[in-house]
Amino acid sequence: MLGIVSFLGFTILVAIIAYVSTLKTNEKSSDGYFLGGRSLTAGVIAGSLLLTNLSTEQIVGLNGDAYRDGILVMAWETLAAIAMVICAIYLLPRYLKGGISTIPTYLERRFDTTTKALTSGLFLSGYAIVLLPIVLYSGSLAISGMFDLPGKLGISEWASIWVCVWSIGIIGGIYAIFGGLKAVAVSDSINAIGLLLGGLLIPVFGLLAISDDNSILGGIAKLTTEHPEKFNAIGSESSSIPFATIFTGMVLVQLFYWGTNQQIIQRALGAKNLIEGQKGLLLAAFFKILGPIIVVLPGIIAFHMFDGQLERGDQAYPKLVAAVLPSAFVGFFAAVLFGAILSSFNSALNSCVTLFGVDIYKQYINKEAPEGQVVAKGKQFGIGLALFSMVIAPFLYYASSGLFGYLQQVNGAYSIPILSVIVIGFLTKRVPAIAAKTGIVFAFVVYVAYIILSRGFGVEWLPHMLHMQAITFVLTIVLMLTIGRMKPRETDYVQKYTNEVDITNWKYVKPVGIAITLVVISTYIIFR
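Our numbering puts the first residue of the sequence shown at 334, with every later residue one more than the last.
As structure tokens, this is what we get:
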């Protein structure tokens, strides 16, 4: 009973605070609804960035990878910090200078409306087909398994998945569709604090459980002494992250995700000024360095606790939680975990609503639509998309065991084309729109062909997924530069300052960015 009370109490508290925070926001305007009225501060931005990123799939999945491969999987966390530094120093100033609501809007101004339509279509397809159903399903699977909902509710696991999917979908939909970005960001910030506290409980209790003297240091000493191979950050060619991939595809994955992914960057686009946006990104980068404590260390603890005998690595985190978490904390941790799942869902859904309203409806369906109508149509689209995801997600229960690996791979089909064209847009002034459109189609076709050959036909001699993303990126860049050389724009592209927000740089952005980068590099020196 205490667990249920603490779960409901924390969840309702977050909802009330998020609702109150939106009362002064004009949700009938595009900026008010899609960008939180351009009023987000550093703390809100940082919290929303972290919780949008940290989903159940990541918590369970990365700890599962750590169970198998050890600390080397921290690359997904620590290298993200460098990508956020690059975004804060180089990308965000350009985004805010143009006063854009979506990444495709920048590409429309730099190239043309067709380029915008292609990138919007890629974003929407990736979110609707891949991200939303997976977030719902993986989150529901974790909640159902960790807290034995089938047993407590007296229903089958299949029925439990349906209950969780629709609970997350309905509540997340209310936040994202009716509250707009500010409600999402504020609820994320509060949940981020809870997740930081709750997430730290698991490794702390885990280390205490395995130590001989009931101390955290004793637990760490036991792990490093008995499993030194788990603390080597340099991955071999047979590992999930070969060391060489850090300098190829991993760099691109991180740059796309933290610098150009609409779902993520929309939080920074809603900053009240550039200084708050940069502070938010760098604050998130600092906490990202600490991320392995929550999403890597528990997996290694589970490897020791269960003697490496678990059938699947993805069982590591749920079983560790069940084994070490005191019953008094179960309700609070369930609420925090529910908030993390909710955040990933409502953030992706809010981005879909934004992309549809701004880039599709306003551009192609009704160019004369007033802002209130654009917002209303975006909400209607969001409701339909949420219902579609909630219907599809439970059926992933019957999918093959390799589904999640496939989905990680297929993300490159839209990330590499979009990142390639944005890089060209930023670094060149004369490359024309035809080069951008050709590059998007080329990168998509090449990478999809790779997926078909590797997954569909089982071709084994193909390069690692991350290497292939780098190869596709380089080939696409070369193609666009070649077209730009042969058929350049008649004039240089010059970005105009729209005066939406103050774009004065934070005076400490570069020193703090350099410090964060040095800390990331030092972790690889320590764990080599």
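Glycine included, C-beta positions come from ideal geometry on N, C-alpha and C.
In terms of residues, what are the limits of the alpha helix (DSSP H) holding residue i?
i      : result
Gly745 : Gly745 to Leu760
Tyr830 : Per DSSP, Tyr830 belongs to no alpha helix (DSSP H) and is neither H nor E.
Lys712 : Glu704 to Ile725
Ser477 : Leu465 to Met479
Asp398 : Thr389 to Asp402
Val792 : Premise fails: Val792 is in no alpha helix (DSSP H) and is neither H nor E.
Trp499 : Glu490 to Gly506
Met407 : No alpha helix (DSSP H) holds Met407; DSSP gives it neither H nor E.
Ile767 : Ala766 to Ile784
Ala655 : Ala649 to Val657
Asn868 : The requested residue 868 does not occur in the structure, where the chain is confined to residues 334 to 861.
Arg427 : Leu425 to Lys430
Phe636 : Leu630 to Met638
Pro844 : Val842 to Ile859
Val807 : Met798 to Met819
Phe456 : Thr446 to Ser458
Ile693 : Neither: Ile693 is in no alpha helix (DSSP H) and is coded neither H nor E.
Tyr441 : What sits at residue 441 in the sequence shown is Glu, not Tyr. Here the alpha helix (DSSP H) through Glu441 covers Ile436 to Arg443.
Leu486 : Leu482 to Leu486
Below 7 angstroms CB to CB, which residues in the same chain sit around residue i once its five sequence neighbours on both sides are set aside?
i      : result
Leu786 : Val792 and Leu795
Phe775 : Thr809 and Leu812
Ser363 : Low confidence applies to Ser363: its pLDDT is 48, below 50, so where it sits in the model is not reliable enough to give any reading.
Trp491 : Tyr730
Leu588 : Ala416, Ile419 and Leu752
Ala617 : Ala379, Leu382, Leu383 and Met417
Leu455 : Tyr747, Pro750 and Ile751
Ser489 : Pro483
Gly505 : Leu675, Phe678, Asn679 and Leu682
Ser477 : Pro483, Glu490, Ser493, Ile494 and Cys497
Ala803 : Thr581, Gly582 and Leu585
Ala601 : Ile378, Leu425, Gly610, Gly613 and Leu614
Tyr826 : Arg443 and Lys762
Phe777 : Ala746 and Pro750
Leu464 : Ala681
Gly403 : Glu562, Lys563, Phe564, Asn565 and Ile633
Phe759 : Arg427
Going by DSSP, which residues form a beta bridge with residue i?
i      : result
Ala604 : Leu373
Might you give, ordered along the chain, the residues of its own chain that have their beta carbon closer than 8 angstroms to the beta carbon of residue i, omitting 5 neighbours on each side?
i      : result
Leu530 : Val669
Leu643 : Tyr400, Ala635, Ala649 and Lys652
Ile345 : none
Val725 : Here residue 725 is Ile; the residue named in the question, Val, does not match the sequence. Here the set comprises Pro466.
Leu658 : Leu534, Ile535, Phe538 and Phe666
Ser388 : Val468, Ser471, Gly472, Ala673, Ile674, Ser676 and Ser677
Trp499 : Met723
Val332 : The structure shown does not extend to residue 332, since the chain is modelled only from 334 to 861, so the question has no answer here.
Thr447 : Ala766 and Lys770
Ile422 : Gln611, Val842, Lys843 and Gly846
Ile543 : Gly552, Lys555, Leu556, Ile634, His637 and Met638
Val743 : Val463 and Ile784
Gly717 : none
In chain order, what residues of the same chain have a beta carbon less than 6 angstroms from the beta carbon of residue i, not counting five sequence neighbours either side?
i      : result
Gly613 : Ala375, Ile378 and Ala379
Glu390 : Ser471
Phe806 : Leu585, Ile749 and Ser753
Val853 : Thr411, Ala414 and Ile415
Gly711 : Val686, Phe689 and Gly690
Ile627 : Gly532
Ser684 : Gln595, Gln596 and Gln599
Val338 : none
Indicate, with yes or no, if the ligand FMN has a heavy atom lying under 6 angstroms from the CB of residue i.
i      : result
Ser471 : Only the bare structure without any ligand can be found here, which leaves the ligand FMN out of the picture.
Can you check whether the C-beta of residue i is within less than 7 angstroms of a C-beta belonging to chain C?
i      : result
Thr557 : Absence of chain C from the displayed structure is noted, only one protein chain being present.
> Unbroken alpha helix (DSSP H) runs of length 4 or more, entirely within the stretch 548-594: which are they?
Replying inline: 549-559 and 582-588
>> Between the stretch 842-853 and the stretch 449-464, can you find at least three pairs of beta-carbon atoms closer than 8 angstroms?
In response: no
> Using 8 angstroms as the Cβ pair cut-off and three pairs as the minimum, do the stretch 600-610 and the stretch 439-447 touch?
Replying inline: no
> Okay, do the stretch 815-832 and the stretch 763-774 touch, 3+ Cβ pairs below 8 angstroms being the bar?
Replying inline: yes
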